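Heads up, the final residue of the sequence shown is numbered 810 in our numbering, and it's a clean run with no missing numbers. All residues carry an ideal CB built from backbone N, CA and C; glycine is no exception. Predicted model, so just to flag it, every value in this text is computed and none were measured.
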Amino acid sequence: MKNISRSALLIFLLIAQAPAARADEGDAFSFFDEEAQVVTASRRSQKITESPSAISVITAEDIRLMGARSVAEALNLLPGVDLRFTNQNAFGGGIRGAEQIYANKIVLMIDGRSWTVDFYTAPALDMLPVTLEDISRIEVLRGAGSSLYGSGAIYGVINIITKQAKDAQGAYVNTVAGTQNYYQGSARYGGAAGANTQYRISADALTIGRYAGGATALRTAPGVNARVDHKLKNGALLGFDGSYRRSQTEAFFSSTDLAVAGVKYTAGGFMVNGDFQYKTGQTSEMFHNVLFTTNRAALDVQQSFEPAENNKLLIGADVIQLNVSASQLGGNRKNTTLAGFVEDSHRFENIIINGGMRIDRYPQMPDVISHRTGATYSFNDDHSLRFTWGRAFRNPDLTETYVNSEIDIGIGVQIPINGNTGLKAESAQTYELGYQGRLNSDINMSANMFYTKFKNPIILHAVSYLPAPFDSVPTAVRADNLGRGAQYGAEVEFRAKLSEYLTGLANYTYMGSEILDGVTKRNLGDTTPRHIANAQLRGRFRNGFGANAWVRYRGVSNWDNSTAEPRSNPSATLNVRIGYEFDFYGGKAEAGLAAYNVTNHPVNEMPGYDHSMRRVTADLTYRF
Numbered sequence: 187m188k189n190i191s192r193s194a195l196l197i198f199l200l201i202a203q204a205p206a207a208r209a210d211e212g213d214a215f216s217f218f219d220e221e222a223q224v225v226t227a228s229r230r231s232q233k234i235t236e237s238p239s240a241i242s243v244i245t246a247e248d249i250r251l252m253g254a255r256s257v258a259e260a261l262n263l264l265p266g267v268d269l270r271f272t273n274q275n276a277f278g279g280g281i282r283g284a285e286q287i288y289a290n291k292i293v294l295m296i297d298g299r300s301w302t303v304d305f306y307t308a309p310a311l312d313m314l315p316v317t318l319e320d321i322s323r324i325e326v327l328r329g330a331g332s333s334l335y336g337s338g339a340i341y342g343v344i345n346i347i348t349k350q351a352k353d354a355q356g357a358y359v360n361t362v363a364g365t366q367n368y369y370q371g372s373a374r375y376g377g378a379a380g381a382n383t384q385y386r387i388s389a390d391a392l393t394i395g396r397y398a399g400g401a402t403a404l405r406t407a408p409g410v411n412a413r414v415d416h417k418l419k420n421g422a423l424l425g426f427d428g429s430y431r432r433s434q435t436e437a438f439f440s441s442t443d444l445a446v447a448g449v450k451y452t453a454g455g456f457m458v459n460g461d462f463q464y465k466t467g468q469t470s471e472m473f474h475n476v477l478f479t480t481n482r483a484a485l486d487v488q489q490s491f492e493p494a495e496n497n498k499l500l501i502g503a504d505v506i507q508l509n510v511s512a513s514q515l516g517g518n519r520k521n522t523t524l525a526g527f528v529e530d531s532h533r534f535e536n537i538i539i540n541g542g543m544r545i546d547r548y549p550q551m552p553d554v555i556s557h558r559t560g561a562t563y564s565f566n567d568d569h570s571l572r573f574t575w576g577r578a579f580r581n582p583d584l585t586e587t588y589v590n591s592e593i594d595i596g597i598g599v600q601i602p603i604n605g606n607t608g609l610k611a612e613s614a615q616t617y618e619l620g621y622q623g624r625l626n627s628d629i630n631m632s633a634n635m636f637y638t639k640f641k642n643p644i645i646l647h648a649v650s651y652l653p654a655p656f657d658s659v660p661t662a663v664r665a666d667n668l669g670r671g672a673q674y675g676a677e678v679e680f681r682a683k684l685s686e687y688l689t690g691l692a693n694y695t696y697m698g699s700e701i702l703d704g705v706t707k708r709n710l711g712d713t714t715p716r717h718i719a720n721a722q723l724r725g726r727f728r729n730g731f732g733a734n735a736w737v738r739y740r741g742v743s744n745w746d747n748s749t750a751e752p753r754s755n756p757s758a759t760l761n762v763r764i765g766y767e768f769d770f771y772g773g774k775a776e777a778g779l780a781a782y783n784v785t786n787h788p789v790n791e792m793p794g795y796d797h798s799m800r801r802v803t804a805d806l807t808y809r810f
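Here it is as structure tokens:
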């Protein structure tokens with residue numbers, strides 16, 4: 187750690203010799219203002235200090251300046267977040283514990299629409315239909331979110347909010363090249379068709395070689411996406427978007443084609459949001475070259491209004507139709523879900539009382555009711571204290587219910603892997619106490635303590651049908667509801683404007699568990715690291731130079747029942763980016779050099795999977 191700290195300090199001392207100037211508006215320092223409003227916590231815009239749940243924000247500027255090459259990489263800067271790269275088209279870990287090979291206890295959304303691998307409910311972070319440059323901000327809600335977003339939002343919600351077409355005018359070109367055959371390129375053009383219609387269209391391509399040890403595989407992923415926004419005569423906004431992406435890899439999915447179309451209508455407090463997703467592809471030879479096709483249609487309607495002074499009420503409903511065809515799941519599977527929800531808040535001077543409830547109806551499953559209740563007390567405009575109690579759930583996905591296949595447990599031995607049609611929904615109740623405030627004009631602080639009780643977690647685990655004394659030899663892998671327990675922890679974060687030209691960030695997360703059942707403990711408790719910490723220092727200077735240094739520490743975790751190897755080692759990684767901005771032929775250009783894991787310390791993301799090594803990339807961006 188001492189060598190890492192010295193390296194980060196040396197980089198900043200060298201760059202800081204340049205004379206400094208005022209930072210431009212909209213640069214990295216503006217997060218003091220940009221984070222003032224969030225939408226994910228209550229499905230409407232509100233001050234972050236009035237949010238009924240713990241929530242953090244990463245802006246597009248943050249992602250660019252820190253040199254992150256993916257959304258998942260950038261999100262690990264936030265407290266409570268631990269996303270792990272099991273291979274280049276799957277992400278494990280989770281938010282606030284219960285970490286698994288596939289992070290299926292969080293919900294990933296893009297502009298309020300669910301974005302998961304449908305038949306095993308994992309966040310599809312590898313198949314985003316937008317480029318990094320199309321992202322405006324990412325809001326991460328930590329804690330129970332099912333009362334607003336339904337199944338899967340047990341430990342958190344990630345909402346990627348993209349730029350409106352009016353905010354993406356002009357042209358943009360970006361190229362990235364680096365070690366281990368890392369190549370990425372993107373381009374975007376935004377324009378207008380009259381005074382009330384704007385559009386943007388983007389294209390990108392990515393090739394990743396084996397930049398890590400273990401099972402990380404070669405991957406290519408070209409894509410294109412477009413958006414059109416139109417302002418109607420009545421002032422309402424009508425938006426259309428569409429995208430296509432093709433991904434080829436040597437990992438779990440050898441090839442995948444994805445097409446998406448969406449429409450959104452907003453008029454005051456009324457909103458209709460609909461989308462259609464189509465995916466087709468094939469798993470790799472390791473997973474028996476299974477062909478699969480999924481299509482998903484969703485419609486979400488909500489209305490917010492103020493029935494009385496200081497009272498804000500939101501009601502809504504959604505419907506989702508999912509169709510999956512795969513031989514591993516026994517052929518064609520259909521699933522239609524209906525849901526209705528309500529969210530209410532009332533202000534009594536310095537106190538805001540929040541309450542929300544949602545009912546989800548699933549085929550062949552009992553109706554599920556989730557809720558969130560809480561109160562926020564504002565000492566003044568700069569400090570607030572919050573208590574939240576919420577119940578969240580996750581229904582068994584199609585893989586856990588119907589899968590019928592085989593897996594290789596080593597030395598060429600295949601054993602069956604079976605679903606379970608008798609599974610119940612897993613659920614959790616979270617109690618949380620939080621603080622959000624501005625200590626002075628230059629320092630923000632947030633702190634949270636949480637306690638989550640869960641029951642009926644769905645776990646794929648090895649079972650044996652052999653008689654004693656051979657009953658320790660696994661003969662199959664099966665999905666079951668196993669055990670109950672509790673997870674608890676605390677988060678604290680400071681964000682500071684150190685000078686007119688430097689900002690800093692530091693956060694720490696502690697997570698613990700109380701799980702009596704041995705199988706559940708090994709699969710959910712031991713896999714979660716006790717300690718995670720981040721520290722970041724960022725500067726921008728008059729001569730166009732800027733630098734970002736980020737140190738991340740993650741403690742040890744044990745995966746002996748989930749992977750081929752027993753432990754994920756503790757790691758401290760230093761990630762650095764240096765950039766230079768300059769005028770070029772009437773536009774703005776920037777050249778950057780980024781290094782992930784500068785010290786090349788092997789980071790054992792998942793035992794038996796990836797060992798992330800140093801990655802050095804150079805990027806060039808031109809806006810005109």
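Around the C-beta of T302, are 16 or more other C-beta atoms found within 10 angstroms, so that it is buried, or is it exposed?
buried
For V659, count the other beta carbons within 10 Å of its own beta carbon; 16 or more makes it buried, fewer makes it exposed. Which is it?
exposed
Tell me where the beta strand (DSSP E) around S332 begins and ends.
Looking at the DSSP string, S332 is not in any beta strand (DSSP E); the run it does join, the alpha helix (DSSP H), is S332 to Y335.
Mind the definition here: the segment 516-534 touches the segment 313-322 only if three or more C-beta pairs lie below 8 Å; say whether that holds.
no
Check whether I292 and V225 have beta carbons under 8 Å apart:
no
Beta-carbon proximity of I244 to I296, cut-off 8 Å
no
Per DSSP, what are the beta-bridge partners of D461 in this structure?
G448 and A484
Using DSSP with H/G/I as helix, E/B as strand and the rest coil, what is E247?
helix
I387 to T638 span [Cα, whole Å]
43 Å
CB-CB length for D427 against A412, believed under 8 Å
7 Å
Collapsed DSSP secondary structure at L318 in the structure displayed:
helix
S513 classed as buried or exposed, judged by whether at least 16 other C-beta atoms fall within 10 angstroms:
exposed
Suppose only complete runs of 4+ residues qualify. What are the alpha helix (DSSP H) ranges in the segment 562-629, listed by chain order?
584-588
Same chain, Cβ closer than 8 Å to D213, neighbours up to 5 away in sequence not counted
Confidence is the limiting factor: at D213 the pLDDT is only 42, short of 50, which leaves the residue's position unreliable and the question unanswerable from this model.
What number of angstroms, rounded off, separates the C-alpha of D568 from the C-alpha of R681?
14 Å
4-residue-minimum alpha helix (DSSP H) runs that sit fully inside the segment 260-298, ordered along the chain:
none
Have a look at N536, L584 and F565 and flag the residue whose alpha-carbon is nearest the alpha-carbon of M551.
L584
Three-way DSSP call (helix, strand, coil) for V184 in this model:
Residue 184 is absent from the model: the chain starts at 187 and stops at 810.
Going by DSSP, name the residue or residues bridged to M631.
G623 and F680
Could you tell me if R800 is buried or exposed, where buried requires 16 or more neighbouring beta carbons within 10 angstroms of its beta carbon?
buried
So what does DSSP say about D504, is it helix, strand or coil?
strand
Considering Cα atoms alone, identify which of Y771, G377, A775 and A735 is closest to R763.
A735
Name the two residues that bound the continuous beta strand (DSSP E) containing E686.
Element bounds for E686: n/a, residue is neither H nor E.
Which residue's Cα is closest to the Cα of G741: N761, H717 and L723?
H717
C-alpha distance - V784 paired with V446, whole-angstrom precision:
37 Å
Tell me which same chain residues have a C-beta within less than 6 Å of the C-beta of L688, skipping the five on either side of it?
G725
In chain order, what residues of the same chain have a beta carbon less than 8 Å from the beta carbon of G698, not counting five sequence neighbours either side?
Q673, Y674, G675 and R716
Taking T522 as part of the beta strand (DSSP E), name the residues at either end of that continuous run.
G517 to F534
Around the Cβ of K520, are there at least 16 other Cβ atoms within 10 angstroms (buried) or fewer (exposed)?
exposed
Is the beta carbon of A289 less than 8 Å from the beta carbon of P265?
no
With I644 and E700 assumed to form a contact (beta carbons below 8 Å), what rounded beta-carbon distance in angstroms separates them?
20 Å between Cβ atoms; not a contact.
I'd like to check one pair, G253 with A777: are the Cβ atoms closer than 8 Å?
no
How would you call G608, buried or exposed, if buried means at least 16 neighbouring beta carbons within 10 angstroms?
exposed
Spell out the partners DSSP gives S345 in its beta bridges.
Checking the sequence, you will find Asn at residue 345 rather than Ser. In DSSP, N345 forms a bridge with M295 and E325.
Sequence-distant residues of the same chain with beta carbon closer than 6 Å to I506, five excluded per side:
A484 and T523
Confirm, please, whether the CB-CB distance from P238 to T562 is below 8 Å.
yes
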